[in-house]
Structures are given as structure tokens and as C-alpha cells.
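Report on the structure given below.
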Amino acid sequence: MGWTVYILRCGDGTLYTGCTNDLPRRLKTHQSGKGAKYTRSRLPVELVYQEEVPDKSAALRREAAIKGLNRWKKLTLIDGKGT
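So this is what it looks like as C-alpha cells:
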């Protein structure tokens, strides 16, 4: 089973990055207010980026790399122009 690294745009305009091996389930959890503590108070959330990776280890590395980007670079990634 593959893994997905994703970015959500929260209701307050902030961005949340996470990873999962079941994106539809995880997105539903976030949208219902039962996901990460960060997103619970920032509903609604919208999926704005997703990237498939081969395994959990790669997903965690990529998630950390994306979290290390500044907002401008994350927005560039979302627009399909970034790394």
C-alpha cells in the first residue's frame, strides 16, 4: 500500500502538511473535526496538494522536508512550480 504526503488549506488560510496511507479516510477525519489538533480549530479544510511516495519512511522524510519550507515555497509547490 502506497503513502501520500498532502497539504490542506485551512479555513483561516494557513497550510497543514501531513502523510497517510489512506488519503480519503484521513481527509474525512480532518473535515469532520476529528483530525489533527491543528486542523480541528481551523475548519473547513481543503486538500490542495498530494504527492504519492513508495513507503512510510519516504512519506515521513518528504513531510518533514515540506514542513521545512516557508509559506511562499509551499504555495509554489501547490501551484506545481516547486520542488
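Per the numbering used here: the sequence shown = residues 3 to 85.
C-beta: ideal position from N, C-alpha, C; glycine also.
Predicted model only: the values in this text are computed from it and were never measured.
*asked:* Quick check on residue 16: does DSSP put it in helix, strand or coil?
replied: coil
*Where residue 74 falls, given that 16 or more other Cβ within 10 Å makes a residue buried*: Here residue 74 is exposed, its C-beta having fewer than 16 other C-beta atoms within 10 Å.
*What distance in whole Å lies between the Cβ atoms of residue 5 and residue 55, which are believed to be in contact at a cut-off of 8 Å?*
5 Å
*Along the chain, where does the alpha helix (DSSP H) that runs through residue 49 open and close?*
Counting along the chain, residue 49 falls outside any alpha helix (DSSP H), though it belongs to the beta strand (DSSP E) covering 47 to 55.
*Going straight from the alpha carbon of residue 26 to that of residue 43, what length do you get?*
One C-alpha to the other measures close to 20 Å.
*asked:* Just to confirm before moving on: does the CB-CB distance between residue 83 and residue 17 stay below 7 Å?
replied: Contact: no.
*Confirm, please, whether the CB-CB distance from residue 46 to residue 70 is below 7 Å.*
no
*What first and last residue would you give for the alpha helix (DSSP H) that runs through residue 69?*
58 to 69
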